[in-house]
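Note that my numbering numbers the sequence shown so that position 90 is 91, with each residue one more than the last.
Virtual Cβ for every residue (Gly too), placed ideally from N, Cα, C.
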Amino acid sequence: MSVRIRLSRGGSKKRPFYKVVAADQRSPRDGRFIERLGSYNPMLPQDHAERFTVNEERVKYWLAQGAQPTERLQKMLSNLGLTAKVALRDQPNKSAPKAKAQERLKEKEEKARAAAAEAAAPAEEAAAPAEEAGAE
């Protein structure tokens with residue numbers, strides 16, 4: 002049985018309230034759990050004392066027993082100094098444009114560079130004779 006420390010949602014529609022629980026990873030999100038470890042109320046301001054409360058002794062116990070916190074909870078617990086800081090992940094590759102779209106973007110950039118170079122070239126040529134006339 003692998004144990005996870007995770008959030009179990011409660012509260013009404015658009016007014017979430019979460020319990021921090023130790024649960025078997027096969028049990029449903031809001032279903033059966035082994036032990037309640039604390040609570041998280043995202044509706045409260047970030048500096049409010051009761052926004053995130055946990056029983057630190059029990060969290061340490063479950064971590065020592067091999068329980069894995071979810072990514073969100075690991076971030077919250079690292080702020081309390083109970084776990085290591087979470088490494089931020091990069092943007093997923095599947096959200097990047099596909100090959101044809103990338104080719105079109107490259108073509109647009111090349112056209113824009115060429116147009117900028119053409120616009121800059123006549124301006125430089127016009128500026129050169131003016132400088133020569135000013136030098137005489």
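- The beta carbon of Pro43 sits closer than 7 Å to the beta carbons of Pro17 from its chain, once the five residues preceding and following it are set aside; these are given in chain order.
- Per DSSP, the unbroken beta strand (DSSP E) holding Ser9 starts and ends at Val4 to Ser13.
- For Glu58, the enclosing alpha helix (DSSP H) stretches over residues Glu57 to Ala65.
- Collapsing the DSSP output to three states places Glu51 in coil.
- Distance from Leu78 to Tyr41 at the Cβ level is roughly 11 Å; contact not present, criterion being Cβ atoms closer than 8 Å.
- DSSP places Leu89 outside any alpha helix (DSSP H), giving it a letter other than H or E.
- For Arg10, same chain residues with a beta-carbon under 7 Å away, outside a window of 5 residues either side, are Pro17, Tyr19, Arg30 and Asp31 in chain order.
- When DSSP states are grouped into helix, strand and coil, Ser79 belongs to the helix group.
- Going by beta carbons, Leu64 and Val21 fall outside the 9 Å limit.
- Counting only the Cα atoms, Thr54 lies some 21 Å from Gly67.
- Counting C-beta atoms within 10 angstroms of its own C-beta, Arg114 has fewer than 16 neighbours from the protein chains shown and is therefore classed as exposed.
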